[in-house]
Each structure stands twice: as C-alpha cells, then as structure tokens.
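Each protein sequence line maps, in turn, to chains R and W. The numbers in the UniProt record's numbering rise by one with no breaks, and the one at position 244 of the first sequence is 244. The numbers in the UniProt record's numbering rise by one with no breaks, and the one at position 17 of the second sequence is 17. Idealized CB from N, CA, C, for every residue including glycine. All remarks here apply to the structure that follows.
Number of protein chains: 2
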Amino acid sequence: MSVWALPGMPEVRPGDDLAVLIREAVAADGYPLVDGDILVVTSKIVSKAEGRVVRADDREAAITAETVRIVATRERAGGGITRIVQNRLGIVGAAAGVDASNTAEGTVLLLPLDPDASARTLAAELRRDAKVGVIVSDTLGRPWRDGQTDVAIGAAGVRVFDELHGEVDSAGRPLIVTRPCVADELAAAGDLVKGKLSGCPVAIVRGMGRLVGPLDLPGAATIVRAPEKDMFRLGADEAHRAGYDEGFAAGRAAARGEDRR
Amino acid sequence: MSVWALPGMPEVRPGDDLAVLIREAVAADGYPLVDGDILVVTSKIVSKAEGRVVRADDREAAITAETVRIVATRERAGGGITRIVQNRLGIVGAAAGVDASNTAEGTVLLLPLDPDASARTLAAELRRDAKVGVIVSDTLGRPWRDGQTDVAIGAAGVRVFDELHGEVDSAGRPLIVTRPCVADELAAAGDLVKGKLSGCPVAIVRGMGRLVGPLDLPGAATIVRAPEKDMFRLGADEAHRAGYDEGFAAGRAAARGEDRR
Chain R
1 MSVWALPGMP EVRPGDDLAV LIREAVAADG YPLVDGDILV VTSKIVSKAE
51 GRVVRADDRE AAITAETVRI VATRERAGGG ITRIVQNRLG IVGAAAGVDA
101 SNTAEGTVLL LPLDPDASAR TLAAELRRDA KVGVIVSDTL GRPWRDGQTD
151 VAIGAAGVRV FDELHGEVDS AGRPLIVTRP CVADELAAAG DLVKGKLSGC
201 PVAIVRGMGR LVGPLDLPGA ATIVRAPEKD MFRLGADEAH RAGYDEGFAA
251 GRAAARGEDR R
Chain W
1 MSVWALPGMP EVRPGDDLAV LIREAVAADG YPLVDGDILV VTSKIVSKAE
51 GRVVRADDRE AAITAETVRI VATRERAGGG ITRIVQNRLG IVGAAAGVDA
101 SNTAEGTVLL LPLDPDASAR TLAAELRRDA KVGVIVSDTL GRPWRDGQTD
151 VAIGAAGVRV FDELHGEVDS AGRPLIVTRP CVADELAAAG DLVKGKLSGC
201 PVAIVRGMGR LVGPLDLPGA ATIVRAPEKD MFRLGADEAH RAGYDEGFAA
251 GRAAARGEDR R
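Printed below as a string of structure tokens:
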C-alpha cells in the first residue's frame, strides 16, 4: 500500500468542482489515477466547495442547529464548555463538526449535508479516468484515549467494513466478532501523510484495490451505531444525573407509601 | 508512505526472540530495514513470544484477573455477556484483551505484561540494523461507531502524538485542540495490509521517519485517558443505575425529613 498527499490543490471556494481541481492536481503531479486507487478527501474542502460556510458570530447557533442530541457536556479547564453531541449525520463528536480552523476570518464551516452523496458524486466523476473509491474524512476525538484520529464520514465505491463474518481463523474457528472498519483505517492512513498544516487536503491510497467496488456500496453512514445499541449513548455524568432524578422521585414516593401503611 | 506486510514470519512460540524472527524474515524478503522505518507488530505475537498463554477453561477467570474496573456490560443477542472493562494497562475494551482466536486449541492469550517495554526491547534490538520505531497493535471496538480498528497499545522510538500545540493554522489561528494520535493511525495503516487472516503479523511503514526518535519517547501508555477525565468512564446504563440508587436513597430520606417537619 502506498499513500501520498496530492500536492498542488488550490484553496477551495464555494461552487468549485472538486473533481476538476483534483484532476488538475493529479495531472500536474504526473502520477495518473489507476483502477483501485482510493482518494481520502478532507471533509473541509468538500464543505467549502458546497458552500457550507456560516458567519462565526453564529458559531454556537450553528452547533445547536447541527445537533440532534446532546451526549455529554463538560466545562473546559480554560473556560467554555465542551459539547459532545450527535449531529444530524449521526456522528458523535465535539461541536457537531463545526470547524473554525483554516476558514476565512469571521466564518465557520459546517460538515457537508450528505458526505456519502458528496463522495459518490466525486467518485462518479473521477471514474471517467479510473475505477477509484472516495473517502471523505474528518477528525474526531474518542472516549478512553487521548488525541484524535481521522475517520470516514463519507464513502463511495469502497467497502467500509472488511467483512470477516463466516470466515475462520488459522485454527478453523469462526471469526465472529471481527469486523474491521477499513474506511476509518483508510482515513487514518490518509491523515498521516496529509497532516493538519501542510495544506494537502487529499491523500491517494494505492494498493488496496481489493476494497474498491461499485459506487452503490453502503456508505459511511452505515458505520454509525444507533444510540439504542450503544452502551455509551450518554455521558456518565448525564446518565447518572438522569438516574438520580428518577431515583429521587421514586424514593420519595416509596417513603410516602411506606409511611401511609 | 509505503506500508507492507512482512512475509515469511513463522508461527511464534513461547520463548521465541521476536527480533531474531523479524530480522530473518526481513533478510529473506530482501528489503532491509532503513532509518525511519516503523514496524507495526500485532500484540498477539508479542504475547505468544512472552508466553502469555493460559488454559481456555480459565477464560472468564482470565478476563476477571486482567480487569481493573468494569465499564459496561450487556447481554449479547446470541447469548453470553459482553464485558467492556478497563484492563491493568488502562485500556478500555471488550474482554480485557483476552484473545481466543488464532491460539492453540484449549488456550487463550493475554496481552503482553508491558507492551511499551516489549516495544522498547524489540526496537533496541532492531536498531542494531537501522533506527526504527516499533508499535505494538491490538484490535479494539469503540463507542458510537460499528466495527473495530487497530490501535497502538505499545510504542517505542516513535512519537505517539503529533503535537500541534502552539502551531497555527493557515489563517494564523492557534490549533489548540488538535493532537493527532499518530500511533493509533500507524496501527490502523498497518492493519490494512496485515489483515486478520493472512498470517502476516508485522507491517513495515516507510516514509514516516519524521515520527521516529529516541527510544525513551513516551509510550502508548500515555494515550490512555484517566477515567476521572473521561466523560464516558462508565456505560450509560451503569451510570444511570448508580444515579438511581443514590437518588432513591436521597429521595426517601428527603421525604422522611419533610414528613417530620
């Protein structure tokens, strides 16, 4: 597997055609796309091309508008509040993906409306040159482990899971629980070469053609676990508080009931 | 960045010297290690070399012994109970890393006692050939997203975080919150080429030499977030239940107090 950052991508502006910009950068770089290549595209440039910019004085309002459900909140050491929320894409993360870095002064950027659709449009266009897959990536923190990794929030023409169901290990036992999220791993590999500061928002992954398939493969939306299936659908403090309130009411009612007997 | 699975690794047995086995496989493959290479080594072969095998009829006991703290439990659809626990390494995951796949019949494998130390020993030995870094990887599920990705549970001679503190984005604003966990991203990249079934437990990453440094760089233990700093230190159901019990007692006491007035 080879992974490199595509050099020469210009600053992306609302209305830009990403396929054209990528195709021009690839041509200038001199390494044509080949069948089986996977492009990892930072969601930020997808958002910019799609004009998902709002004024920065609306940042908190923008976060609220993108939020479907508050998962956890905590006061930051330096002031302000960290809001871990589920956004309208189902993705759980800080600030609903509302991004204030590398944007024009006084503006923030929202996530693409439908990153799987964005990936599909881009992949369809680039498939005029070669049968490529497209991942739209974003940077997310995670519970239990410090720091962030890049994950897939959009995907087209590439398998998001390496399905090992029904396969067996080398001792012949079924590998029932292993379902590697290769889309997230591809996004992570892309981040290693793109970096956050280099101004290279596109990585090209070559050598993983076994994961590339039809454009209508399930997208990254299928990675999102439904809250009712999630053991961590709510922050520990938030769940504790909700339980306490319920318990308090029940305890008071129980005491009254006992006293009446 | 190039990433490939090292072919020709034999089945690892207790007492084997991993550095010798890797060096022999590299020599047979014909691509010598060079300065800046990073080896991503599946924890399973580290455990095997270190003899971390216990009898399978002790599996539940082994999980309990490796568990420091139960984070969440849930009944599985197919029967049995999924236990998400923090193990003695601080890592939160299912079954405390106790592994029953690809092990000899009737046995399970525990995680290495100290994966950072294992990585350091291996890197020190391999540095006789070239200045390499070593990541010890394991496969973990995660909240909110289906499937698993490989992460770093041990590291030596390689930076685990790409520290962007104090750096600025292209508009000159400080990148205060971005701290990519490159060790986890390297483990993910390695998993893409190793696969779970191919019998290739070692991946070599070339081209990320900027992350390689002294052997005494902080290890993967520093990735683990302390529970008291973690908004998801306890499952939602578990936290709710604890809150309910506290609330119930408080509600009952409050009712009694009010009635006495």
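CB contact below 8 Å: residue i versus chain W
i	result
threonine 67(R)	no
isoleucine 22(R)	no
proline 201(R)	no
isoleucine 223(R)	yes
glutamate 60(R)	no
arginine 179(R)	yes
arginine 233(R)	yes
leucine 33(R)	no
alanine 239(R)	yes
glutamate 246(R)	yes
aspartate 57(R)	no
arginine 13(R)	no
leucine 6(R)	no
arginine 252(R)	yes
leucine 217(R)	no
leucine 164(R)	yes
Any chain R beta carbon closer than 8 Å to residue i
i	result
aspartate 2(W)	Checking the sequence, you will find serine at residue 2(W) rather than aspartate. Interface residue, yes.
glutamate 185(W)	yes
aspartate 29(W)	no
methionine 9(W)	no
lysine 48(W)	no
valine 193(W)	yes
alanine 156(W)	no
alanine 189(W)	yes
arginine 52(W)	no
valine 182(W)	yes
alanine 249(W)	yes
isoleucine 242(W)	Before going on, a small fix: residue 242(W) reads as alanine here, not isoleucine. Yes, alanine 242(W) counts as interfacial toward chain R.
alanine 255(W)	yes
proline 236(W)	Checking the sequence, you will find alanine at residue 236(W) rather than proline. Yes, alanine 236(W) counts as interfacial toward chain R.
alanine 25(W)	no
aspartate 16(W)	no
aspartate 230(W)	yes
lysine 196(W)	yes
Where residue i sits in the DSSP three-state scheme
i	result
threonine 121(R)	helix
isoleucine 81(W)	strand
valine 26(W)	helix
glycine 133(R)	strand
glycine 97(R)	helix
aspartate 150(R)	strand
threonine 139(W)	strand
arginine 11(R)	Checking the sequence shown, residue 11(R) turns out to be glutamate, not arginine. Three-state DSSP puts glutamate 11(R) in coil, outside helix and strand.
threonine 64(R)	helix
valine 20(R)	helix
valine 34(W)	coil
proline 180(W)	strand
Contact check, residue i vs residue j, beta carbons under 8 Å
i	j	result
leucine 211(W)	valine 182(R)	no
alanine 119(R)	glycine 147(R)	no
valine 92(W)	isoleucine 84(W)	yes
asparagine 87(R)	threonine 67(R)	yes
glycine 207(W)	serine 137(W)	no
alanine 236(W)	phenylalanine 161(R)	no
valine 134(R)	leucine 21(R)	no
alanine 203(W)	threonine 149(W)	no
asparagine 102(R)	lysine 44(R)	yes
methionine 1(W)	valine 3(R)	yes
valine 132(R)	leucine 33(R)	yes
aspartate 37(R)	alanine 130(R)	yes
alanine 19(W)	glutamate 125(W)	yes
arginine 252(R)	glycine 243(W)	no
valine 151(R)	leucine 140(R)	yes
glycine 219(W)	alanine 156(W)	yes
glutamate 246(R)	glycine 247(W)	yes
proline 143(R)	proline 143(W)	yes
### Segment contact flag, the region 91-110 of chain W with the region 21-28 of chain W, C-beta cutoff 8 Å, min 3 pairs
no
### Positions along the region 104-131 of chain R whose CB lies within less than 7 Å of some CB in chain W
Glu105
### Near-chain R residues of the region 137-151 of chain W - C-beta to any C-beta below 8 Å
Thr139, Arg142, Pro143, Trp144, Arg145, Asp146, Gly147, Gln148, Thr149, Asp150, Val151
### Message
What are the residues in the region 70-101 of chain R lying within 9 Å of chain W by C-beta distance?
### Response
Val71, Ala72, Thr73, Arg74, Gly78, Thr82, Ile84, Gln86, Gly90, Ile91, Val92, Gly93, Ala94, Ala100, Ser101
### Message
Counting beta carbon pairs with one atom in the region 223-242 of chain W and one in the region 42-50 of chain W, are three or more of them shorter than 8 Å?
### Response
no
### Message
Check whether the region 202-217 of chain R and the region 97-116 of chain R are in contact - that is, three or more C-beta pairs closer than 8 Å.
### Response
no
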